[in-house]
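Taken in order, the sequence shown gives residues 1 to 928; the numbers are from the UniProt record's numbering. These notes are about the structure you will find just below.
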Amino acid sequence: MTLPVTSYQKSLIRLRVATEVLLLVVTSKIASGRRLEMSSCCVLITSKTELSYMMQLLVVRVIRGSINDYGNNVMIVNTKPGDYSDTFFFLSSFLVKFSGCSESKGIRYETDNLDFKVRTDGTIYTTKHVHIPSEQTMFMVTAWDHQSLDRWETVVRLLTTLMQSSVKEQRSYLGGMRQKRDWVIPPINVPENSRGPFPQQLVRIRSDKDSEIHIRYSITGVGADQPPMEVFNIDPVSGRMYVTRPMDREERASYHLRAHAVDMNGNKVENPIDLYIYVIDMNDNRPEFINQVYNGSVDEGSKPGTYVMTVTANDADDSTTANGMVRYRIVTQSPQSPSQNMFTINSETGDIVTVAAGLDREKVQQYTVIVQATDMEGNLNFGLSNTATAIIMVTDVNDNPPEFTASTYSGEVPENRVEVVVANLTVMDRDQPHSPNWNAVYRIISGDPSGHFTIRTDPITNEGLVTVVREVDYEMNRAFMLTVMVSNQAPLASGIQMSFQSTAGVTISVTDVNEAPYFPTNHKLIRMEEGVPTGTALMTFSAVDPDRFMQQAIRYSKLSDPANWLNINATNGQITTAAVLDRESAYIKNNVYEATFLAADNGIPPASGTGTLQIYLIDINDNAPELQPKDSQICERPNLNVINITAADADIDPNVGPFVFELPSVPSAIRKNWTITRLNGDYAQLSLRISYLEAGVYDVPVIVTDSGNPPLFNMSIIKVKVCPCDENGDCTTIGAVAAAGLGTGAIIAILICIIILLSMVLLFVVWMKRREKERHTKQLLIDPEDDVRDNILKYDEEGGGEEDQDYDLSQLQQPENMDHVMNKANGVRRVDERPIGAEPQYPIRPVIPHPGDIGDFINEGLRAADNDPTAPPYDSLLVFDYEGSGSTAGSVSSLNSSSSGDQDYDYLNDWGPRFKKLADMYGGGEDD
Numbered sequence: 001m002t003l004p005v006t007s008y009q010k011s012l013i014r015l016r017v018a019t020e021v022l023l024l025v026v027t028s029k030i031a032s033g034r035r036l037e038m039s040s041c042c043v044l045i046t047s048k049t050e051l052s053y054m055m056q057l058l059v060v061r062v063i064r065g066s067i068n069d070y071g072n073n074v075m076i077v078n079t080k081p082g083d084y085s086d087t088f089f090f091l092s093s094f095l096v097k098f099s100g101c102s103e104s105k106g107i108r109y110e111t112d113n114l115d116f117k118v119r120t121d122g123t124i125y126t127t128k129h130v131h132i133p134s135e136q137t138m139f140m141v142t143a144w145d146h147q148s149l150d151r152w153e154t155v156v157r158l159l160t161t162l163m164q165s166s167v168k169e170q171r172s173y174l175g176g177m178r179q180k181r182d183w184v185i186p187p188i189n190v191p192e193n194s195r196g197p198f199p200q201q202l203v204r205i206r207s208d209k210d211s212e213i214h215i216r217y218s219i220t221g222v223g224a225d226q227p228p229m230e231v232f233n234i235d236p237v238s239g240r241m242y243v244t245r246p247m248d249r250e251e252r253a254s255y256h257l258r259a260h261a262v263d264m265n266g267n268k269v270e271n272p273i274d275l276y277i278y279v280i281d282m283n284d285n286r287p288e289f290i291n292q293v294y295n296g297s298v299d300e301g302s303k304p305g306t307y308v309m310t311v312t313a314n315d316a317d318d319s320t321t322a323n324g325m326v327r328y329r330i331v332t333q334s335p336q337s338p339s340q341n342m343f344t345i346n347s348e349t350g351d352i353v354t355v356a357a358g359l360d361r362e363k364v365q366q367y368t369v370i371v372q373a374t375d376m377e378g379n380l381n382f383g384l385s386n387t388a389t390a391i392i393m394v395t396d397v398n399d400n401p402p403e404f405t406a407s408t409y410s411g412e413v414p415e416n417r418v419e420v421v422v423a424n425l426t427v428m429d430r431d432q433p434h435s436p437n438w439n440a441v442y443r444i445i446s447g448d449p450s451g452h453f454t455i456r457t458d459p460i461t462n463e464g465l466v467t468v469v470r471e472v473d474y475e476m477n478r479a480f481m482l483t484v485m486v487s488n489q490a491p492l493a494s495g496i497q498m499s500f501q502s503t504a505g506v507t508i509s510v511t512d513v514n515e516a517p518y519f520p521t522n523h524k525l526i527r528m529e530e531g532v533p534t535g536t537a538l539m540t541f542s543a544v545d546p547d548r549f550m551q552q553a554i555r556y557s558k559l560s561d562p563a564n565w566l567n568i569n570a571t572n573g574q575i576t577t578a579a580v581l582d583r584e585s586a587y588i589k590n591n592v593y594e595a596t597f598l599a600a601d602n603g604i605p606p607a608s609g610t611g612t613l614q615i616y617l618i619d620i621n622d623n624a625p626e627l628q629p630k631d632s633q634i635c636e637r638p639n640l641n642v643i644n645i646t647a648a649d650a651d652i653d654p655n656v657g658p659f660v661f662e663l664p665s666v667p668s669a670i671r672k673n674w675t676i677t678r679l680n681g682d683y684a685q686l687s688l689r690i691s692y693l694e695a696g697v698y699d700v701p702v703i704v705t706d707s708g709n710p711p712l713f714n715m716s717i718i719k720v721k722v723c724p725c726d727e728n729g730d731c732t733t734i735g736a737v738a739a740a741g742l743g744t745g746a747i748i749a750i751l752i753c754i755i756i757l758l759s760m761v762l763l764f765v766v767w768m769k770r771r772e773k774e775r776h777t778k779q780l781l782i783d784p785e786d787d788v789r790d791n792i793l794k795y796d797e798e799g800g801g802e803e804d805q806d807y808d809l810s811q812l813q814q815p816e817n818m819d820h821v822m823n824k825a826n827g828v829r830r831v832d833e834r835p836i837g838a839e840p841q842y843p844i845r846p847v848i849p850h851p852g853d854i855g856d857f858i859n860e861g862l863r864a865a866d867n868d869p870t871a872p873p874y875d876s877l878l879v880f881d882y883e884g885s886g887s888t889a890g891s892v893s894s895l896n897s898s899s900s901g902d903q904d905y906d907y908l909n910d911w912g913p914r915f916k917k918l919a920d921m922y923g924g925g926e927d928d
């Protein structure tokens, strides 16, 4: 296939890829071993830029078929050596038509140039770094079919040329191209992260009128006069446009500017043109995982290809280029059991799946997988990488059935006991503990048709607890042989069968215990007439001992007999009456008398049972009726009111009503004054027979007879008060008093007695008040100021709440027993104590006593009391009522009111101010 140069496209367009368009892009260097993906049938050439050198990789895919017709357009790449930023791309469309575009299986390709090779899929690639000379490079590709032996050949020609920046020079180079006055600037590609130096020239803009007039150039748009400001600028004279700083594609991938050309007067010389600046991506961003640690799970025993989880890494570089194309791979797996490659990852999607069988949670519960993400389509030499950790938990499935640790178990249980654990069944399950795959469920398959036992699961140990839920009887079953089976709460996994060790036998022995005797019929009800005589045999209330294999005797006794009416034989349980049974007793409820008896055996330990006997008492007519009411009142004149009477009988039907009411014939005055009228079987009326009866209280006897067999009668007395009545038939107050049986004279006498009694009480109260007043107002014989005696003040009112009111003052009196005084140690003696030994002989006092003798006497006694260790801790009364014999003072009884003239009282003047009044009265006899 030869591509001659015949024509050029009139405009410059951006590099693009389309079906049926042949794009040949050549640079001064082609990286060795580089290829790009194919995206169309027949012949398609695509290109991608390698950032650092702006390399374009030529990829040609040849598909089986023949060329019927093709155009003769060409694409020329103009490269300015040493300055890749000033590169232009001129593309021309090339229409190629193929026939027989079909599968290329079995086609082999060869080239005559060792620098290029063709893969089996038709991809042409370079085998090493190739330097393209300034002239064209051409090589032939040959394809043939093994089966049909058909052969095709085509020639690939790579053309390079140098081209000046100006449109004018371009037109001269493309001589045959039609000229146009409008100016056009192709898209400008700027690599990001350029190191400069800055400002760095991008392109030179010139108008074909600059030779005629002076032109000023300017640019507008984002990056020029709009934020971000001054990223690009232009020399207004030369038209050279510069970039002022490094570009970042991830910050902004393209810029759209407008170039303006005006003359020196500001007049527009050319129409504004659009400048498109594209930031060429470089691989300057590593892939970043969304999470540094990923958690996933997979069931144990999963088949190869089972999905586990997805890891995702994002690359900020251009995803349409290899810089942003991320590929995944697994770096390490830990642990490497049972295989070092248990998982694989989809290099493009990041899906992790199982690749090998043998996942077993019981052996490995968790895998740690290190996943690496690399851009440049996973090329480890050129791409940037990052890693993340994937933690894969192997989840449990019920692939291990529970198994008993023993084939047989045994236990023992006493009879008549419930909620007793008789055996512990242990199992082994290798699944995850405390999960439905591990939790055991026990069932009794056979050996317990009556449901005496159940098996509960211990939630902690997973053991089976064989528990008695229904009493077992030693006399009925001495042992049980159970067959039990164990399973899990969750069903077994597919393909897993139950183990023969999932069943076991349990032998339970029943032990005999001394059971209490019991009464077969409890409560026992019998019927009997009341009133049977004492000693009557009612029945034999016997008990049964359930211990058939023990020879034991049963003794009977009373446990409850409220009325003490019954006796029971201790050996055979015969019940006899101990008193007359009375149905009307308070111990009877609903005609039933209830007693409880005890039956005890002689086992070790003894056991006893109770039985209740209920005696239904049949009524007999043993209670005479009683008249009601017992008293009433009636007017002294008939036809005003009557007395309704009835009867009460303790018996029940038919030994009660209808009743018969009648008056006795003796005394005759009863029937003369009163009459009874029958109302019905239970009621009658008592009324006066005569026209007037004096007011008073009358005892009226009435005979009441019941309907029993034989009938019983009773004569009852009803007290009737006969009184005067008003027009309404009600007794008046005076009449009621008169009816009580008191005459007018008696009533007056009672009132007089009451008045006299009240008068006496009033006189007594007045006399007491008068006496109290006289006692308080009585005057002394002498003036209080002239009274030589000390005034006695009354201190008997201390008020409530005093804490010393309850003192025992008897302790302050002179004790009769003198032992405590006799045993007292020598020392200071209290003067208020009775002397023990010989009574002291007081010294002869002088005729004229010293004025301080009395004060010294009192102080001495006070000092002795304060120093007495036996004195009580509280204030006490000092009693000076014993003076002893030999005192110089005479007897008080010798004093009298008479006075001899020879008595001298002048010494009273020496006793101080207190005795001055007394000295004035008796000492100065000559003044009288």
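All residues carry an ideal CB built from backbone N, CA and C; glycine is no exception.
Taking the beta strand (DSSP E) that residue i belongs to, which residues open and close that run?
i       : result
Met-485 : 479-488
Ala-647 : 643-648
Arg-329 : 327-334
Leu-559 : 554-560
Leu-693 : Note, Leu-693: premise wrong, no beta strand (DSSP E); not H, not E.
Since residue i sits in a beta bridge, which residues does DSSP pair it with?
i       : result
Ala-261 : Tyr-217, Glu-270
Pro-449 : Note: Pro-449 sits in no beta bridge, so no partner.
Met-428 : Glu-403
Ile-234 : Met-241
Cutting at 8 Å between CB atoms, please list the residues of its own chain near residue i, excluding the five before and the five after it.
i       : result
Ile-604 : Asn-514
Tell me which residues share the same chain as residue i and place their Cβ nearer than 7 Å to its Cβ, disregarding the 5 neighbours each side in the sequence.
i           : result
Gly-239     : Arg-204, Ile-205, Arg-206, Tyr-217
residue 930 : Nothing about residue 930 can be reported from this structure: the residues present for the chain run from 1 to 928 only.
Considering only their Cβ atoms, is the gap separating residue j from residue i smaller than 8 Å?
i       : j       : result
Asn-621 : Asp-651 : yes
Val-484 : Gly-411 : no
Thr-612 : Gln-574 : no
Pro-520 : Gly-609 : no
Leu-384 : Gly-301 : no
Asn-189 : Ile-124 : no
Ala-423 : Tyr-442 : no
Val-141 : Tyr-109 : yes
Pro-402 : Val-506 : no
Val-510 : Glu-419 : no
Pro-667 : Ile-703 : no
Mind checking which residues open and close the alpha helix (DSSP H) that includes residue i?
i       : result
Leu-918 : 916-922
Asn-379 : Here Asn-379 belongs to no alpha helix (DSSP H), and DSSP marks it neither H nor E.
Ser-668 : 668-673
Which same chain residues end up closer than 6 Å to residue i when comparing Cβ atoms and leaving out the 5 residues on each side of it in sequence?
i           : result
Ser-407     : Ala-504
Ser-52      : For Ser-52, the predicted structure reports a pLDDT of 28, less than 50, and the residue's modelled location is therefore unreliable. A value from the coordinates is still provided. Excluding residues within five positions, none has a Cβ falling inside 6 Å.
Val-660     : Thr-705
Gly-296     : Val-308, Met-309, Ile-392
Asp-318     : Asp-281, Gly-324
residue 929 : Nothing can be reported for residue 929, as the shown portion of the chain is limited to 1 through 928.
His-214     : Met-264
Pro-338     : Gly-358
Ser-446     : Thr-483
Pop quiz: residue i and residue j are said to be a contact at Cβ under 8 Å. What is the actual Cβ separation, rounded to whole angstroms?
i            : j       : result
Ala-373      : Asn-437 : Wrong, their Cβ atoms sit about 36 Å apart, outside the cutoff.
residue 1013 : Ile-391 : The displayed coordinates of the chain run from 1 to 928. Any statement about residue 1013 would go beyond what the structure contains.
Ala-599      : Ser-585 : No, Ala-599 and Ser-585 are not in contact; Cβ-Cβ is about 27 Å, not under 8 Å.
Could you confirm whether any beta carbon from chain C is found closer than 8 Å to the beta carbon of residue i?
i       : result
Ser-608 : No chain C appears in the structure shown, which is made up of a single protein chain.
Any chance the CB of residue i is under 7 Å from a heavy atom of the ligand PLP?
i       : result
Asp-274 : Of the ligands one can find in the structure shown there are none, so the ligand PLP has no counterpart to examine.
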